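For reference, the structure discussed in these notes is given below.
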Amino acid sequence: MEQDDLSQGIETELVSLRPVLQSYFERLLEDSSDIDDCVDETYARAYQSLRQRALPIHHPRAWLLKIAQRVLWQYRAAEQKHRRMSQIQYYATADGEVRSEVDDLADDADEQPEALVERRDQARLLARSLQALPPYQQTAVMLHFSGQSARQIAARTGRPRRTVNDDIRKGISRLRRLVHNTD
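This is the structure in structure tokens:
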């Protein structure tokens, strides 16, 4: 049997395994477009490997599912990275909101000008100190100060609740040190 006949037979078998591959990703992913993307990526990698491969494939199903597993790992790693990046984007937005609220508090017209200047300076010092925190601590502290529980913060950021509690504790402690060291 020629190499073209072998690869044609394997390609036919790979196409017949599409429902297995679809089912595999459906068990592990929720979004149908992500499922389709992962199936397509698995086939793209399989066909690319077939073109470069000199050895025959004895167990096409296991081989294809191994490729699918790697695609899933990379998908999840990319998803986690995206989640972290969107967290960082949230920091920038939240920091702007905090500064705005702090400036609004400092604009109280009933106070003496000296008190207003001092409050505004303290607010700016706090904003600078918040920016000096590591990103995870910054987010945890800001969400904590906005009234969210550690459980809510953990759900929002995708980090374990105990880690969020540590981030809050360490972040507040570091904020205190930063604010007191600049006085």
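Positions 1 to 183 (full-length UniProt numbering) are the ones given, in order, by the sequence shown.
Backbone N, C-alpha and C fix where the C-beta goes; we use that ideal spot for every residue, glycine too.
Bear in mind that the values here come from a model prediction, so they are computed numbers and not experimental data.
Item to check | Between the CA atoms of Gln122 and Asp95 - distance to the nearest angstrom | outcome: As a position in the sequence shown, residue 95 is number 95, starting the count at 1. As a position in the sequence shown, residue 122 is number 122, starting the count at 1. With a pLDDT of only 49 at Asp95, under the threshold of 50, the placement of this residue in the model should not be trusted, and no figure is reported.
Checklist entry - For Val15, which of Ile172, Ser129, Gln69, Leu65 has the nearest alpha-carbon? => result Position 15 of the sequence shown, counted from the first residue, corresponds to residue 15. The shortest Cα separation from Val15 among Ile172, Ser129, Gln69, Leu65 belongs to Leu65.
Checklist entry - In angstroms, rounded to a whole number, what distance separates the CA positions of Ala92 and Arg159? => result Taking the first residue of the sequence shown as 1, we reach residue 92 at position 92. Taking the first residue of the sequence shown as 1, we reach residue 159 at position 159. Confidence at Ala92 is low in this model, with a pLDDT of 48, below 50, so its placement is unreliable and no value can be given for it.
Next on the checklist: Using C-beta distances below 7 Å, list every residue in its chain close to Ala77, excluding the 5 sequence neighbours before and after it, in chain order.
Outcome noted: By one-based count along the sequence shown, residue 77 stands at place 77. Nothing meets the Cβ criterion.
Checklist entry - Does the Cβ-Cβ distance between Arg174 and Leu133 come in under 8 Å? => result Residue mapping note: residue 174 aligns to position 174 of the sequence shown, counting from 1. Residue mapping note: residue 133 aligns to position 133 of the sequence shown, counting from 1. Cβ atoms of Arg174 and Leu133: closer than 8 Å.
Checklist entry - Would Leu55 be called buried (16 or more neighbouring beta carbons within 10 Å of its own) or exposed? => result The residue given as residue 55 occupies position 55 in the sequence shown. Exposed, since its Cβ has fewer than 16 Cβ neighbours within 10 Å.
Checklist entry - How would you call Gly147, buried or exposed, if buried means at least 16 neighbouring beta carbons within 10 angstroms? => result Numbered from its first residue, the sequence shown carries residue 147 at position 147. Under this definition Gly147 is an exposed residue.
Checklist entry - If you draw a straight line from the alpha carbon of Glu79 to that of Glu118, how long is it in whole angstroms? => result Within the sequence shown, numbered from 1, the residue matching residue 79 stands at position 79. Within the sequence shown, numbered from 1, the residue matching residue 118 stands at position 118. If you take the alpha carbons of Glu79 and Glu118, they lie about 44 Å apart.
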